Amino acid sequence: MSRATGFRPSWKWAVVPLALAAAGLFSTTDAAAEDPIKICVIDDHSGDFALIVKPKTLGYETAIAEINEAGGVLGRQLEMVFYDGQSDVKRHQELAQKCILDDEVDVIMAGATSSAREAARAVAVENEVIYWHNNQGEGGIADKYSFFTGPIPEQQILTGVSYMIEKYGPKMYILAADYGFGQVSALWTHAAAGLYGGEVVGEEFIPLGNSDFAATIANIQKAKPDFGVFYLVGGAQYNYYPQAAAAGANIPAVSTVNVQQGYEHKRYPPPALVDMYIPFAFVEETPTDSARAFVEKARAINPDEPYINQMTRCAYVAIHMMALAWERAGTTETQATIAALESGLSFAAPEGPVFLDPATHHLTMDIRMGRVNENHDLEFVHDFGAIEPWWLRTLGVNLVRTDEARQFLPWDDPRLAQYKTE
Amino acid sequence: MMPLRRHLGLLVGPQEMGRTWYFWVGFVIVIGVGAAAPQYLGRFDLLNLANFLTSIFLALSLCLIWGFCGILSLGQAAFLGLGGYAYGVAGINFIESHGNTWAALGIGLAVPVLLAAVLGFVMFYARLKGVYVAILMLVVTLLFETFLNQTAGQGWFIGEAHLGGNNGLGRFSGVIKKPPSFIFSEGGIKFLGKSYAFFYLTFGLAVLCYLGLRILVNSKLGYVMVAIREDPERTEALGYDVRLIQLIVFCISALLASMSGILYVSWGRFITPDVFGVYNNILPVIWVAVAGRKSLTATVIGTLVLVWLSQRLTETDYAFVVLGGILLGAMMLLPEGVITGIVDRGTALRARLAARKSARA
Amino acid sequence: METISFIVGLLYQYADTIALLALSAIGLIIIFGMMGVINMAHGEMMMIGAYITSFAHYAGIPTALAVILGGIGAGLAGMIIERLVIRRFYGQLLSSLVATWGLSLILSQGALLVFGQLIQSVPTPFGSFTVGELSYSYYRMFIFLVAMAMIAGLWALFRFTRFGVRARATMENPRMARALGVDTSRVYALTFGLGTMLGGFAGGLLALTSTIGPFYGMTYTPQAFITVVVGGGAEIVTGLLASVLSLGAIKTIFMNQTNILLGHVAMLVLAFVIIRLMPSGISDWVERRQVRVRER
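Protein chains in written order, with my numbering: chain A, 1 to 422; chain B, 1 to 361; chain C, 1 to 296.
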């Protein structure tokens, strides 16, 4: 017999799927009234986006600690069910499913980039679970189950670009990461230019992961803009700043993503970001007492966090909004909670009061303009006041009455699209 | 009936572990346990298991060309991604409007195989060796990633399907048209993507592919494949057309990988250019290398365990460290793979014990 | 004036692209050519060099010295890794690739866990110069010159030193070299250390002009590989030069005339074509032609 060459016992192989199945079985639980309210958080703690997203988790932790100390919500404690999204879009989808079907959470807060957001959000909406996206984004999503705490184009781009035109002149150069967020932001910039008498003298879409900007720097110099409008995303693309500075090609610029998330002014030595203008809702240096108190509170929970960024604030606001809604609804049941969220909630956010707009599920918030000065400190140069999320409303969106379940894109709105001429 | 029996005989050929009756008893038990999964698994676990199972085809595709034919591809996910995108684009155009899943399936399988045929022709007929094929495939997959990442603009429609850039296929136009799940409505039975039926479909296909590949590697083609892996020049000298065989195996592996892609898209109705990225191309290399690249059985088991493990590790910040450690440790201690390594050692030990016993007697 | 400024701009971009390709690939090609090992953790060696440079700079050490320290640190790390890991994988291209990829995951995520996400960039020295309407960075030209000097130095090292002769002998035929009294295991350790040191040094140089983070090296890894494979392992210096000159040229022209995306695509397509036409890289092809000419 040729047995010796073959392979022997095999009952062992059955162990693996059995173990797999068993591991799955262990995680089933029953929900009772005294059980904590579960909040699913999927944030990137490894991979390319860990740098900007880690502070977000701290925002959740800060709010949850605060609420639990004060006795919780509806007599129940809040519990964060955390997963590392690993900067991987596919992972966000799987984990959102795990949160809903396995952990049976009451709300999902997940995804930083627009792609990760859509992956997780689709799962939440499909299963009728409330979803929150907690950093700035390209806006336009009108959906019954989706809520947003971050600033959107009408709050950041129109304000920021109009300020820059007034201060530096009409000519601008757009540099945008080549994906959904960058494309939408670029179109809003065209609209802002058209509305406020500006002119787009150049536009470049940068592939994600590109780190070499010699050609781009030359193109910008040739176009001679008065200022730049930058939507650069991810570790590699940040390389633009030191490279432009080294070539002596810095121009004043406005950005909705830099500094408020990636604290580049702290990571690069001057003069890389001098004259960078930031329309923001929150940065660590926000000049209000409540902001300073918030930074202190967050630092007390994690003293090692290098920078308390806008994501920290967004996450913090989202938890508090949910707590308010659950209290008002008197239950964590989804439809009742949505009704409560749509009842006109307001909250004292670190930078000032915010109001959750029932019609669009976005926040009305204070927007300020910051400028990075010669020492890479942030100065505050302008206060735009409270700005409403008005764009979706002008398209006739009213989520209280009708669920649109879609994203509106600016090129579908002729009032904005007309400004993009080519 | 003779050919059938001969083919079944090939199931237990010497190219693959599992030639004893207790292996097959175990195999039947595993099939039973697997088939009964909907009875004892919760909704999420079942969904998740189906997701894990979709990875098996990709792993087997790499096992076949790397483990058996000696060609490492660092861009195997290119076939997965292309299959997924092709199925998705065709699906958006055909399934939702005409309910024609078969056409979408056909396109999803054909496009990657065609690409493999062209690439294989270019590479193998130039007699490219080892690392060059690996890197060329990496180049190919990076090209796809770079290209698809910049398709968020409004010009990138194929029929009704918007490529969507980094946001994923069909996810970034005003009216969202996501890639659909399978819909088979032949004979009045409606088959929907996310039901038990999907689990059984994936499970059944995985078992069939596993058994089919067992037969393949023990067939004449299989022996020639292994000969090419061991020594291509000598195989050539024996009169075999090494290039042609490499090309055929490459196409088969592309077919398998594209099955992963199609099933994955049907499962989650979701695909982004990330599937073409470096990480997703190295992942199957890890599964296959750690488990034992020269064994289909080891590959299947290892893949399931590792996919499960890397999902579990998302509760910590240590996922990459642990995965990297497993990979490094496995390559250093058991370079032929953990599962094959343990099995080989077990077999050797038993042989030695038997030899000692017979010497004493 | 316009044409001069255009040509200067193009040449600057060409030099810049060449410098990036050469710096990211130089350590890798030594290890690949000499040892038949693919070091997927090469990007992490660059990361180590960049981290040490940043830490040293902010500890008050002069920048030039900080960059050199980065190289030395990465070289030492490389020697340790060679002893512990690489030793088992000489000549096993594919296994070494897989094993070092594991190492790369551990090192990059480990750096994130240990040092956190905040690594301060180092200011770029030397300022800028202007030609026509465009201004350029002196430092980027400086690193181009350093990259060229490194390649020249490497050529001299292999050509004129005892180590170089032994290393080439070991590469040609390790068994014969051993029989002739060469301590091949020491040669391997030193070669690997040299490769990682050059990687760390390159990482330190680039750290002065880019973002530094745990995944810093991964930005460079794929293009470094493509450069190395296009160059081939037969003759390190000519291979590397031919590879960076050709890939750099096409990338620069396409980036300058179209956009960044097409620049990347054109480079990848050219890499594909070169590998297809010269299956073992440019250097191997050149070498075989030379042999043929000599035989004639």
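The beta-carbon is built from N, C-alpha and C at its ideal position, and this holds for glycine as well.
If you're wondering where the values come from, they're calculated on a predicted model, not measured in any experiment.
Below 8 Å on C-beta distance, what does residue i contact in chain A?
{"i": "residue 264 of chain C", "result": "207, 210"}
{"i": "residue 215 of chain C", "result": "47, 48, 235"}
{"i": "residue 176 of chain B", "result": "406, 407"}
{"i": "residue 203 of chain B", "result": "None at all; the shortest Cβ gap to chain A is about 11 Å."}
{"i": "residue 16 of chain C", "result": "212, 214"}
{"i": "residue 60 of chain C", "result": "By Cβ distance, chain A contributes nothing, its closest Cβ being about 14 Å from residue 60 of chain C, past 8 Å."}
Establish whether the CB of residue i and some CB of chain B are separated by less than 8 Å.
{"i": "residue 101 of chain A", "result": "yes"}
{"i": "residue 411 of chain A", "result": "yes"}
{"i": "residue 128 of chain A", "result": "no"}
{"i": "residue 68 of chain C", "result": "no"}
{"i": "residue 118 of chain A", "result": "yes"}
{"i": "residue 105 of chain C", "result": "yes"}
{"i": "residue 229 of chain A", "result": "no"}
{"i": "residue 146 of chain A", "result": "no"}
Check the Cβ of residue i against every Cβ in chain B and list those closer than 7 Å, keeping chain order.
{"i": "residue 90 of chain A", "result": "274"}
{"i": "residue 271 of chain C", "result": "139"}
{"i": "residue 180 of chain A", "result": "152, 165, 166, 167, 172"}
{"i": "residue 423 of chain A", "result": "For chain A, the structure presents residues 1 to 422; residue 423 of chain A sits outside this window and is missing."}
Since residue i meets chain C, which of its residues come closer than 8 Å, beta carbon to beta carbon?
{"i": "residue 84 of chain A", "result": "Result: empty, since nearest Cβ-Cβ is about 11 Å, beyond 8 Å."}
{"i": "residue 216 of chain A", "result": "260"}
What residue from the options has the CA that sits closest to residue i's CA?
{"i": "residue 45 of chain C", "options": "C/239, C/261, C/218", "result": "C/218"}
{"i": "residue 95 of chain A", "options": "B/312, B/332, B/327", "result": "B/312"}
{"i": "residue 116 of chain C", "options": "A/74, A/63, A/50, A/168", "result": "A/50"}
{"i": "residue 115 of chain B", "options": "B/340, B/251, B/13", "result": "B/251"}
{"i": "residue 261 of chain A", "options": "A/37, A/44, A/55, A/46", "result": "A/55"}
{"i": "residue 78 of chain C", "options": "C/7, C/131, C/170, C/191", "result": "C/191"}
{"i": "residue 42 of chain B", "options": "A/71, A/387, A/149, A/97", "result": "A/97"}
{"i": "residue 257 of chain B", "options": "B/65, B/338, B/8", "result": "B/65"}
{"i": "residue 92 of chain B", "options": "B/158, B/36, B/9", "result": "B/158"}
{"i": "residue 216 of chain C", "options": "A/232, A/218, A/237, A/202", "result": "A/237"}
{"i": "residue 289 of chain A", "options": "A/206, A/349, A/136, A/153", "result": "A/349"}
{"i": "residue 364 of chain A", "options": "A/409, A/317, A/118, A/52", "result": "A/317"}
{"i": "residue 279 of chain B", "options": "B/147, B/54, B/78, B/15", "result": "B/78"}
{"i": "residue 206 of chain B", "options": "B/240, B/303, B/319, B/173", "result": "B/303"}
Between residue i and chain C, is any beta-carbon pair separated by less than 8 Å?
{"i": "residue 202 of chain A", "result": "no"}
{"i": "residue 344 of chain B", "result": "no"}
{"i": "residue 267 of chain A", "result": "yes"}
{"i": "residue 231 of chain B", "result": "no"}
{"i": "residue 298 of chain B", "result": "no"}
Counting only C-beta atoms, is residue i closer than 8 Å to chain A at any point?
{"i": "residue 102 of chain C", "result": "no"}
{"i": "residue 68 of chain B", "result": "no"}
{"i": "residue 146 of chain B", "result": "yes"}
{"i": "residue 270 of chain B", "result": "yes"}
Within its chain, find whatever has a CB closer than 6 Å to the CB of residue i; leave out the 5 residues flanking it on each side and keep chain order.
{"i": "residue 417 of chain A", "result": "411"}
{"i": "residue 66 of chain C", "result": "53, 56, 57"}
{"i": "residue 82 of chain A", "result": "41"}
Give the DSSP bridge partners of residue i, in chain order.
{"i": "residue 455 of chain A", "result": "Here chain A comprises residues numbered 1 to 422, so residue 455 of chain A is not present and cannot be evaluated."}
{"i": "residue 365 of chain A", "result": "A/387"}
{"i": "residue 73 of chain A", "result": "A/76"}
{"i": "residue 353 of chain A", "result": "A/348"}
{"i": "residue 84 of chain A", "result": "A/43"}
Within the same chain, show all residues whose beta-carbon is closer than 8 Å to that of residue i, passing over the 5 residues directly before and after it, in chain order.
{"i": "residue 301 of chain A", "result": "58, 61, 62, 65"}
{"i": "residue 161 of chain A", "result": "172, 189, 192, 193, 196, 198, 229, 254"}
{"i": "residue 169 of chain C", "result": "176, 177, 180, 182"}
{"i": "residue 249 of chain A", "result": "217, 220, 221"}
{"i": "residue 82 of chain B", "result": "111, 112, 115, 144, 258, 261"}
Under 7 Å Cβ-Cβ, which residues of chain C neighbour residue i?
{"i": "residue 304 of chain A", "result": "116"}
For residue i, which residues in the same chain have their Cβ closer than 7 Å to its Cβ, ignoring the five residues on either side in sequence?
{"i": "residue 21 of chain C", "result": "223, 227, 244, 247, 248"}
So residue i contacts chain A; which residues on that side make the cut at Cβ distance below 7 Å?
{"i": "residue 43 of chain B", "result": "101"}
Mind pulling the chain C residues with CB within less than 9 Å of residue i?
{"i": "residue 341 of chain B", "result": "Within 9 Å Cβ-Cβ: nothing; residue 341 of chain B doesn't reach chain C, min ~13 Å."}
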